[in-house]
Amino acid sequence: SSELTQDPAVSVALGQTVRITCQGDSLRTYYASWYQLKTGQAPLLVIYGKNNRPSGIPDRFSGSRSGNTASLTITGAQAEDEADYYCNCRDSSGRIFGTGTKVTVL
Amino acid sequence: EVQLVESGGGLVQPGGSLRLSCAASGFTVGNNYMSWVRQGPGKGLEWVSVIYAGGSIYHADSVQGRFTISRDNSKNTLYLQMNSLRAEDTAVYYCAREQWTADDYYFDFWGRGTLVTVSS
Chain G
1 SSELTQDPAV
11 SVALGQTVRI
21 TCQGDSLRTY
31 YASWYQLKTG
41 QAPLLVIYGK
51 NNRPSGIPDR
61 FSGSRSGNTA
71 SLTITGAQAE
81 DEADYYCNCR
91 DSSGRIFGTG
101 TKVTVL
Chain P
1001 EVQLVESGGG
1011 LVQPGGSLRL
1021 SCAASGFTVG
1031 NNYMSWVRQG
1041 PGKGLEWVSV
1051 IYAGGSIYHA
1061 DSVQGRFTIS
1071 RDNSKNTLYL
1081 QMNSLRAEDT
1091 AVYYCAREQW
1101 TADDYYFDFW
1111 GRGTLVTVSS
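Rendered as structure tokens:
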């Protein structure tokens, strides 16, 4: 089955912009969705489709895709954005998640 | 308000069984695609099983033949029956609702998860 590869960790200064990438062959065909995970909380959908935000997700979160790479951008990162982020996509064998990126807000 | 609440986790010996439940409110389980997703200690998210609105079910290769997803429409509850458990099944198990469009799908609501520990 396909894989989705993410950088293990990134850091961003408070108020600055950070981009998290997700690479995989399935992304050439399908859009990624992005999830925020914080310890003890339910995972939270932050971006889906071409660039859609669920109700309640701040507009500093945005998504894009180019070739086999999907990106999640946080513009003006806040302290509460510190979390693990996972991309997700479908492929021929089912549903696959990325390897995850830990975002630290400095 | 949509809510998903998992229960049934705990400590079980290798080779044992456990049944997880996911009680839903704010929508009808039987009219939606519902999945189980897990996260092992220090690991990433792994999709486990899905049940479609029409009743079709699919499982990841890692649990095929050991786990079974099901639902009880009268109780608006999703289940995961886990048999022949292994140490590598230790994880927090989440239930999640799927949404599908013409172009893609995504998990729009998740529960907080229930911890399963497989150890002797």
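Protein sequences appear in the order of chains G and P.
Residue numbers for the first sequence follow this note's numbering, so the first one is 1 and each next one is one higher.
Residue numbers for the second sequence follow this note's numbering, so the first one is 1001 and each next one is one higher.
We put the CB at the ideal spot given by N, CA and C, even for glycine.
Residue i in three-state terms, based on DSSP
| i | result |
| --- | --- |
| Ser1070(P) | strand |
| Arg1112(P) | coil |
| Ala107(G) | The structure shown does not extend to residue 107(G), since chain G is modelled only from 1 to 106, so the question has no answer here. |
| Val1002(P) | coil |
| Glu80(G) | helix |
| Leu27(G) | helix |
| Asn88(G) | strand |
Extent of the continuous beta strand (DSSP E) to which residue i belongs
| i | result |
| --- | --- |
| Thr1077(P) | Thr1077 to Met1082 |
| Lys1043(P) | Element bounds for Lys1043(P): n/a, residue is neither H nor E. |
| Thr21(G) | Thr17 to Gln23 |
| Glu1098(P) | Ala1091 to Trp1100 |
| Val46(G) | Leu44 to Ile47 |
| Gly1010(P) | Gly1010 to Val1012 |
| Ile57(G) | Counting along the chain, Ile57(G) falls outside any beta strand (DSSP E), and DSSP gives it neither H nor E. |
| Gly94(G) | Gly94 to Phe97 |
| Thr1028(P) | No beta strand (DSSP E) contains Thr1028(P), which DSSP labels as neither H nor E. |
| Ala70(G) | Thr69 to Thr75 |
| Thr39(G) | Thr39(G) -> no beta strand (DSSP E), and no H or E assigned at all. |
| Ser64(G) | Phe61 to Ser66 |
| Tyr1052(P) | Tyr1052(P) -> no beta strand (DSSP E), and no H or E assigned at all. |
| Lys111(G) | Because chain G spans 1 through 106 in this model, residue 111(G) falls outside it and cannot be assessed. |
Same chain only: Cβ atoms within 6 Å of residue i, ignoring 5 sequence neighbours per side
| i | result |
| --- | --- |
| Tyr1058(P) | Val1050 |
| Thr1117(P) | Leu1011 and Thr1090 |
| Thr1077(P) | Ser1021 and Ala1023 |
| Glu1046(P) | Arg1038 |
Cβ neighbours of residue i in the same chain (closer than 8 Å, five flanking residues each side left out)
| i | result |
| --- | --- |
| Gly1026(P) | Glu1001, Val1002 and Gln1003 |
| Leu4(G) | Cys22, Gln23, Gly24, Ser26, Leu27, Ala32, Cys87, Asn88, Cys89, Ile96, Phe97, Gly98 and Thr99 |
Spatially closest choice to residue i from the options, by CA coordinates
| i | options | result |
| --- | --- | --- |
| Val1005(P) | Gln1013(P), Gln1064(P) and Lys1075(P) | Lys1075(P) |
| Ser1035(P) | Met1082(P), Ser1070(P) and Gly1016(P) | Ser1070(P) |
Own chain residues within Cβ distance below 7 Å of residue i, not counting five before or after
| i | result |
| --- | --- |
| Asn1031(P) | Ala1053 |
| Arg60(G) | Ile74, Thr75 and Gly76 |
| Val10(G) | Val18, Ile20, Thr101 and Val103 |
| Gly1111(P) | Leu1004, Val1005, Glu1006, Cys1022, Tyr1094 and Cys1095 |
Near-chain P residues of the region 21–34 of chain G (beta-carbon distance less than 7 Å), N- to C-terminal order: Across the region 21–34 of chain G, CB contacts with chain P closer than 7 Å involve Tyr30, Tyr31 and Ser33, in sequence order along the chain.
The region 1007–1037 of chain P: positions lying closer than 9 Å to chain G by Cβ: Hits within the stretch, in order: Ser1035 and Val1037.
Chain-ordered residues of the region 1088–1108 of chain P with a beta carbon less than 9 Å from chain G: Taking 9 Å as the upper bound on Cβ-Cβ separation, chain G lies near residues Tyr1094, Ala1096, Glu1098, Gln1099, Thr1101, Asp1103, Asp1104, Tyr1105, Tyr1106, Phe1107 and Asp1108 of the region 1088–1108 of chain P.
Members of the region 55–87 of chain G near chain P, C-beta cut-off 7 Å: Of all residues in the region 55–87 of chain G, Tyr86 have a Cβ within less than 7 Å of some Cβ in chain P.
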